[in-house]
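Enquirer: Shown below is the structure under consideration.
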Amino acid sequence: MKRFGKILVIESPQNCKVPYSRSLYIDSPEGVLIDSGSEPNALLEVDKEFGIGMIMNTHYHPDHTRYGYLFPNADKRINPIEFETTISMKNVAEEYALLQELGQSELHKWLESVPVEWEKSLRQISGVYEYNKEYSFGEVKTIFLHTPGHTKGHTCPYFPDEGVVFTVDYELSSFGPWYNGTDGDIDDFIKSGKKLLELDADIYITGHHKGILSKAEFTAAMEKYLSVIDKRDEKIEKYVQMGMTFEELATVGIFYPKRILEQNSIYRVWERCGIRKHLRRMGLSVPEKKEVI
Ligand SMILES: [Fe+2]
């Protein structure tokens, strides 16, 4: 396990690809785990060796919260904006754009398919942490930075003394930025991405994929990552000029490959929600469907 002072990095299979994510552990009397979406055996090992007494969740998504239930006695907290979201899966469905893009019956089907362990983990979150306050866990100063864009309440934990920042879902994948729930925002995403570059830090740890990067590596990768937003704009604009309706645009594959869109309705929902955000931001409007004459 890679370690920066008292901060341990917990890895998962396939470079922490979804459905897993990377977690951090602060070796301290409080035994603080940051995010509980890592491979469960890796988390149980950490608990056995060091003890997990607190779980600080960066945001509510399942790949970051799913295994909290394995530690029923830990004090579990989330950011103050998303505490309300965790209270009911209906709130999660709303943030996931399911209510906006699917009918009630599809929504019920989704609610029935929610993994029980995720729901249980969210239900066990009993409080919040404060943004920008300096916490001390043992000797480790920790600041939970508010970095909206991916979700409204998304947090990046920053450790000023070690010069370490956990960038969570500012994860630099080739897919590009994900802001496809109703609580995601393109402009906020760009602002938060740039805010991370301004920190006095030289170790950037992503929640998925890349892993541990220097500031120079993170800066270069962030530029490339954010440029995916422009590419999406260009593609959408081209199709709008070709006269496509929204329904047609939603099937060409701006975010997800066509094959994925055909397989699973959740990706169709996120594709649609993401396209609406780009259209709105570019001031473009398209008819929903072709008019039948
Ligand atoms: Fe996420």
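Quick note, the sequence shown lines up with residues 2 to 294 if you use our numbering. For glycine and all other residues, C-beta sits at the position ideal for the given N, C-alpha and C.
1) For Thr-59, which option in Asp-76, Asn-80, Ala-43 and Gly-52 has the closest C-alpha, if you only look at C-alpha atoms?
2) Anything with a beta carbon under 5 Å from a heavy atom of ligand 1 counts; list them all in chain order.
3) Under 9 Å, do Leu-123 and Tyr-61 count as touching if we go by C-beta distance?
4) What first and last residue would you give for the beta strand (DSSP E) that runs through Ser-24?
5) Indicate whether the contact test is met: 3 or more Cβ pairs, each with one atom in the segment 7-27 and one in the segment 204-211, closer than 8 Å.
6) Whole angstroms is fine: what's the gap from Gln-125's alpha carbon to Ser-286's?
7) With DSSP run on the structure shown, which of helix, strand or coil describes Arg-4?
8) Are the CB atoms of Tyr-226 and Leu-146 within a distance shorter than 9 Å?
9) Could you tell me which of Leu-9, Leu-262, Leu-34 and Val-141 sits nearest to Tyr-70, measuring between CA atoms?
10) CB-CB under 6 Å to Gly-194, same chain, minus the five flanking residues each way: which ones, in chain order?
11) In its own chain, which residues sit with a C-beta less than 6 Å from the C-beta of Thr-1, not counting the 5 before and 5 after it?
12) For Glu-235, name the three-state secondary structure that DSSP assigns.
13) Can you tell me whether Met-57 is buried or exposed, with buried defined as 16 or more other CB within 10 angstroms of its CB?
14) Determine the DSSP secondary structure at His-151, reduced to helix, strand or coil.
15) Could you give the residue range of the beta strand (DSSP E) that holds Leu-34?
16) Quickly, what does DSSP pair Gly-128 with across the bridge? List them, please.
17) Taking only three categories from DSSP, how would you classify Leu-214?
Expert: Per the coordinate set shown:
1) The residue from Asp-76, Asn-80, Ala-43 and Gly-52 with its alpha-carbon nearest to that of Thr-59 is Asn-80.
2) This selection yields His-62 and Asp-170.
3) Yes, these two residues count as a Cβ contact at 9 Å.
4) Here the beta strand (DSSP E) through Ser-24 covers 24-27.
5) The segment 7-27 vs the segment 204-211: in contact.
6) Approximately 42 Å, taken between the alpha carbons.
7) Here Arg-4 sits in strand by DSSP.
8) For Leu-146 and Tyr-226, no; Cβs fall outside 9 Å.
9) Nearest C-alpha to Tyr-70: Leu-34.
10) Counting only Cβ-Cβ distances below 6 Å, and skipping sequence neighbours, we find Tyr-171, Met-223 and Leu-227.
11) Residue 1 lies beyond the residue range present for the chain, which begins at 2 and ends at 294; the question has no answer from this structure.
12) In the structure shown, Glu-235 sits in a helix (DSSP, three-state: H, G or I).
13) Burial call: buried.
14) Coil, per DSSP.
15) Note, Leu-34: beta strand (DSSP E), 33-35.
16) Partner residues in the beta bridge of Gly-128, as assigned by DSSP, are Arg-78.
17) In the three-state DSSP reduction, Leu-214 falls in the strand class (E or B).
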